[in-house]
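J.: Mind looking over this structure? Questions follow.
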Amino acid sequence: MGIERTYEEINQKIRSGKAVVLTAEEVVELVAEKGVAGAAAKVDVVTTGTFGPMCSSGLFLNFGHPKPRIKMNEVYLNTVPAYAGVAAVDAYLGATALPPGDPRNRNHPGEFLYGGGHVIEDLVAGKEIRLEAFGYGTDCYPLKKIETTFRLSEINEATLYNPRNAYQNYSVAVNLGQKTIYTYMGILKPRLGNANYSSAGQLSPLLNDPLLKTIGIGTRIFLGGGRGYVAWHGTQHNPSVERGENEVPKTSAATIAVVGDLKQMHWRWLRGLSFLGYGATLQVGLGIPIPILNEEIMQYCAVKDEEIFAPVVDFSRDYPYREERDLGLVSYAELKSGSVKICDREVPTASLSSYAGAREIATTLKEWIMAGNFTLTRPVAPLPSVEAGIKLQPLPQRNPHRGGI
Amino acid sequence: MAVRQKLVFRFPPSLVEQPFIYHLVKDFGLMVNILRADINPKKEGRLMLELSGSEPDYRRAIDWLQKEGLQIMNLKQQIIWNEERCTQCGACSVICPSGALGLRRPEMTVSFDEDKCIVCELCLKACPARAMETLLENSE
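Chains E and U, in that order, are what the protein sequence lines are. Last residue of the first sequence: 693 in our numbering, with the numbers rising by one and none dropped. Last residue of the second sequence: 662 in our numbering, with the numbers rising by one and none dropped.
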């Protein structure tokens, strides 16, 4: 049976400064030394972290009303467009949004030097942002145009809401073609020139709770240097994939949607990125504490890079054209060593997700908890897991002009 | 005393067609290893090279080149790693052809060895956080 703990007991220990907290990296050593039962008896919380590019991120804003009032129909922040199809002075700024004047890939590969992610970084860094908004004029909202500047502290709300973050595992991108390609997985040199991956592996939040037994709706997390919450399962959430004996998925699986107040976050953990030939995005720092409720949870947290495998995918043809080809699995231990064997060749590896950043996030979260500043939350409702039987669907492609519906 | 130095030469358009390398070898007895060259007729040119030879010969050569109107800079300071902007992902490490940029293990932090940098500038655009910068104008 072994040890059992409740959220309340753990929080009691946190408040009295007695909680034993380890990062998901540190706990690997402890389990190797004391075994799962021994480690579970000792440790109350394991902290995780990840710091990678997460395109499905963005910001809900409320600017407050000018005098006279305006119904914003088109909104630009430092020339980057935000979605204004919500209430009068509300908008949503997506991480990958680009200024209308950006040359995109017209001169391939495009540079994408400034996009939505960069605006978010500048906002959270306290910089002055230029706002340009257009309305069509109504009886209640007569103003048709406003040009002004503002800082984060001067607007009512800035709520980070990321529809898909913290992917549980991810594929390893290679290029089997004959020319260099520019992808969301970075620059891929031809003929297996490099293999790029993007997961913190043993430190990654959802890989430490593979069946989502503790992470659910309402879980309080480290988000962008502040505190945030798990809002929902993420888009493309796909828990029903093939798993190993340790329940760790062998390909990209679960995702989470997260939410938090930008005003208490830090620019170090929300970084605008420019992917050559691909686009702009946001690098998000995210960490989740896992309560060691029992030995089973400890067993999951003890997972190490040698036991987590990712599929190798060709981005020259297979990925873009959705062709299935098995190029095998590689472990994160191999990936992190700097070179990995693919198709009988030694291929140099690089990560797009910062492992050093992930480690710092897990350590920061550990310090917050140990200082009694961060207590754990029991989920309001669980996220759909394996038993939900979710099947990821492709887009239907049918003739929209055919008769009837 | 022997000298080995990596340098950047900048040629004004009027000097681009002069055979400076020939003179460095023939008149000053220096060994020249060209790392990168960007030379176009009647436009400003750039040459990155490593010079080695005796200290007096090297000094004389540099004096002569400067008198001729070449701008000479230390190659080492041409590419700058802005550590504050760096997110320590390591995407640069497989793009850098000379091994100047790499990842320290097990720390998994980025390292930049200026001595190995050949100023190819590939890292400038390969870095998603744009943490690699250059002082060189007109860079590609």
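C-beta: ideal position from N, C-alpha, C; glycine also.
U:M570 and U:V641 - do their beta-carbons sit closer together than 9 Å?
T.: Working through the second sequence from its first residue, we reach residue 641 of chain U at position 119. Working through the second sequence from its first residue, we reach residue 570 of chain U at position 48. Yes, they are a contact pair.
J.: Name the chain U residues that come within less than 8 Å of E:E399, Cβ to Cβ?
T.: As a working mapping, residue 399 of chain E is identified with position 111 in the first sequence. Per Cβ cutoff of 8 Å: K647.
J.: Please report whether the beta-carbon of E:T637 lies at a distance below 9 Å from any beta-carbon of chain U.
T.: Taking the first sequence and counting its residues from 1, the one referred to as residue 637 of chain E is at position 349. Judged by the 9 Å Cβ criterion, E:T637 is in contact with chain U.
J.: Considering only residues of the stretch 598-643 of chain E, which uninterrupted alpha helix (DSSP H) runs meet the minimum length of 4 residues and lie entirely inside it, listed in chain order?
T.: 620-625
J.: Helix or strand or just coil, what does DSSP make of U:I620?
T.: To locate residue 620 of chain U, count along the second sequence from 1; it is residue 98. One point to set straight first is that residue 620 of chain U is Ser, not Ile, in the sequence displayed. U:S620 falls in the coil class under three-state DSSP.
J.: Tell me which residues of the stretch 642-656 of chain E have at least one Cβ-Cβ distance to chain U shorter than 7 Å, keeping chain order.
T.: S642, Y643, A644 and G645
J.: Nearest-angstrom Cα distance between E:A313 and E:P369?
T.: Locating residue 313 of chain E in the first sequence gives position 25, where the first residue counts as 1. Locating residue 369 of chain E in the first sequence gives position 81, where the first residue counts as 1. A small correction: the amino acid at residue 313 of chain E is Glu; Ala does not occupy that position in the sequence shown. Looking at the two C-alpha atoms, the distance is approximately 40 Å.
J.: Kindly indicate which residue of E:G340, E:A638, E:G691 and E:N534 has the alpha-carbon position closest to the one of E:G481.
T.: Numbered from its first residue, the first sequence carries residue 481 of chain E at position 193. Considering only alpha carbons, the answer is E:A638.
J.: So for E:T471, helix, strand or coil by DSSP?
T.: Locating residue 471 of chain E in the first sequence gives position 183, counting from the first residue. In this structure, E:T471 counts as strand in the three-state DSSP scheme.
J.: Return yes when the Cβ of E:C428 is within less than 9 Å of the Cβ of E:C569, no when it is not.
T.: As a first step, residue 569 of chain E is located in the first sequence; it is residue number 281 there, counting from the start. As a first step, residue 428 of chain E is located in the first sequence; it is residue number 140 there, counting from the start. According to the sequence as given, residue 569 of chain E is Thr; it is not Cys. For the pair E:T569 and E:C428, the CB atoms are not nearer than the 9 Å cut-off.
J.: If we ignore side chains and look at the alpha-carbon of each, how far apart do E:L491 and U:F542 end up?
T.: Position 203 of the first sequence, counting from 1, holds the residue named residue 491 of chain E. Position 20 of the second sequence, counting from 1, holds the residue named residue 542 of chain U. Computed Cα separation, rounded: 55 Å.
J.: So for E:I443, helix, strand or coil by DSSP?
T.: As a working mapping, residue 443 of chain E is identified with position 155 in the first sequence. Coil, per DSSP.
J.: Is any beta-carbon of chain U found at less than 9 Å from that of E:F603?
T.: For the purposes of this step, residue 603 of chain E is taken as the residue at position 315 of the first sequence. Chain U contact via Cβ: absent.
J.: Measuring CB atoms only, is the stretch 589-605 of chain E touching the stretch 500-509 of chain E, in the sense that at least three cross pairs come out at less than 8 Å?
T.: no
J.: From this set, E:Y424, E:K538, E:V462 and E:L419, which residue's C-alpha is nearest E:R605's C-alpha?
T.: As a working note, residue 605 of chain E is residue 317 in the first sequence. Among E:Y424, E:K538, E:V462 and E:L419, the Cα nearest to that of E:R605 is on E:V462.
J.: Taking the alpha carbon of U:Q593 as the point to measure from, which residue in U:T631, U:L529 and U:A559 has its own alpha carbon closest?
T.: Numbered from its first residue, the second sequence carries residue 593 of chain U at position 71. Of the candidates U:T631, U:L529 and U:A559, the one whose C-alpha sits nearest the C-alpha of U:Q593 is U:L529.
J.: Just to check my reading of the structure: E:V407 and E:L365 have Cβ atoms closer than 8 Å, yes? What is that Cβ distance to the nearest angstrom?
T.: As a working mapping, residue 407 of chain E is identified with position 119 in the first sequence. As a working mapping, residue 365 of chain E is identified with position 77 in the first sequence. About 5 Å; that satisfies the 8 Å criterion.
J.: Can the beta-carbon of E:P527 be found closer than 9 Å to that of E:L495?
T.: Position 239 of the first sequence, counted from the start, is the residue given in the question as residue 527 of chain E. Position 207 of the first sequence, counted from the start, is the residue given in the question as residue 495 of chain E. Not in contact: E:P527 and E:L495 (Cβ atoms no closer than 9 Å).
J.: Indicate the three-state DSSP secondary structure (helix, strand or coil) for U:E662 in the structure shown.
T.: Indexing the second sequence from 1 puts residue 662 of chain U at position 140. In this prediction, U:E662 scores a pLDDT of 46, lower than 50, which makes its location untrustworthy; the coordinate-derived value is nonetheless stated afterwards. Reduced to three states, the DSSP call for U:E662 is coil.
J.: Suppose you measure from the CA of E:A325 to the CA of E:V333; what does that come to, to the nearest Å?
T.: Reading the first sequence from its first residue, position 37 is the one you call residue 325 of chain E. Reading the first sequence from its first residue, position 45 is the one you call residue 333 of chain E. If I take the Cα positions, the gap works out to 14 Å.
J.: Helix, strand or coil for E:D378 per DSSP?
T.: For the purposes of this step, residue 378 of chain E is taken as residue 90 along the first sequence, with counting starting at 1. Strand.
J.: Consider the Cβ of U:T656: report whether some Cβ of chain E lies at a distance smaller than 9 Å.
T.: Counting from one through the second sequence, the residue named residue 656 of chain U turns up at place 134. Judged by the 9 Å Cβ criterion, U:T656 is not in contact with chain E.
J.: Any beta-carbon of chain E closer than 9 Å to the one on U:I617?
T.: One-based indexing of the second sequence puts residue 617 of chain U at position 95. Yes - at least one Cβ of chain E is within 9 Å of the one on U:I617.
J.: Cβ closer than 7 Å: which chain U residues qualify as neighbours of E:I475?
T.: Taking the first residue of the first sequence as 1, we reach residue 475 of chain E at position 187. Those within 7 Å of E:I475 in chain U are I617 and A648.
J.: Of all Cβ atoms in chain U, is any one closer than 9 Å to the Cβ of E:N482?
T.: Here the question's residue 482 of chain E lines up with position 194 in the first sequence. For E:N482, the answer is yes, since a Cβ of chain U falls inside 9 Å of its Cβ.
J.: Quick check for students: name the residue ranges of the beta strand (DSSP E) that lie wholly in the stretch 624-653 of chain U, counting only runs of 3 or more.
T.: 631-634
J.: Among E:F339, E:Q466, E:N582 and E:L464, which one has its Cα closest to the Cα of E:I298?
T.: On the first sequence, residue 298 of chain E is found 10 positions in, with the first residue counted as 1. Selected option, being the one with the closest Cα: E:N582.
J.: Since E:F438 is in the alpha helix (DSSP H), which residue starts that stretch and which ends it?
T.: To locate residue 438 of chain E, count along the first sequence from 1; it is residue 150. E:F438 -> not in any alpha helix (DSSP H); beta strand (DSSP E) instead, spanning K433 to F438.
J.: Compare the C-alpha of E:K624 against each of E:F348, E:G414, E:I475 and E:D593 and name the closest.
T.: Position 336 of the first sequence holds residue 624 of chain E. Nearest of E:F348, E:G414, E:I475 and E:D593 to E:K624, Cα basis: E:D593.
J.: Output, in sequence order along the chain, the residues in the stretch 554-583 of chain E whose CB is closer than 7 Å to any CB in chain U.
T.: R559, L561, S562, F563, L564 and Q571
J.: Contact between the stretch 445-452 of chain E and the stretch 547-558 of chain E is defined here as three or more beta-carbon pairs at a separation below 8 Å; is this criterion met?
T.: Touching, per the Cβ criterion.
J.: Would DSSP call E:F563 helix, strand or coil?
T.: Taking the first sequence and counting its residues from 1, the one referred to as residue 563 of chain E is at position 275. The answer is strand: DSSP assigns E:F563 an E or B state.
J.: Assign E:E622 to buried or exposed, taking buried as 16 or more other Cβ atoms, counted over all protein chains shown, within 10 Å of its Cβ.
T.: Residue mapping note: residue 622 of chain E aligns to position 334 of the first sequence, counting from 1. E:E622 comes out buried.
J.: From E:K355 to E:R515, what distance separates their C-alpha atoms?
T.: As a position in the first sequence, residue 355 of chain E is number 67, starting the count at 1. As a position in the first sequence, residue 515 of chain E is number 227, starting the count at 1. Cα to Cα, the separation comes out at about 34 Å.
J.: Quick check for students: name the residue ranges of the alpha helix (DSSP H) that lie wholly in the stretch 538-595 of chain E, counting only runs of 4 or more.
T.: Taking only runs of at least 4 residues, the alpha helix (DSSP H) segments lying wholly in the stretch 538-595 of chain E are 583-589.
J.: Exposed or buried, E:R303, counting other C-beta atoms within 10 Å across all chains shown (16 or more means buried)?
T.: The sequence position of residue 303 of chain E within the first sequence is 15, counting from 1. It counts as exposed.
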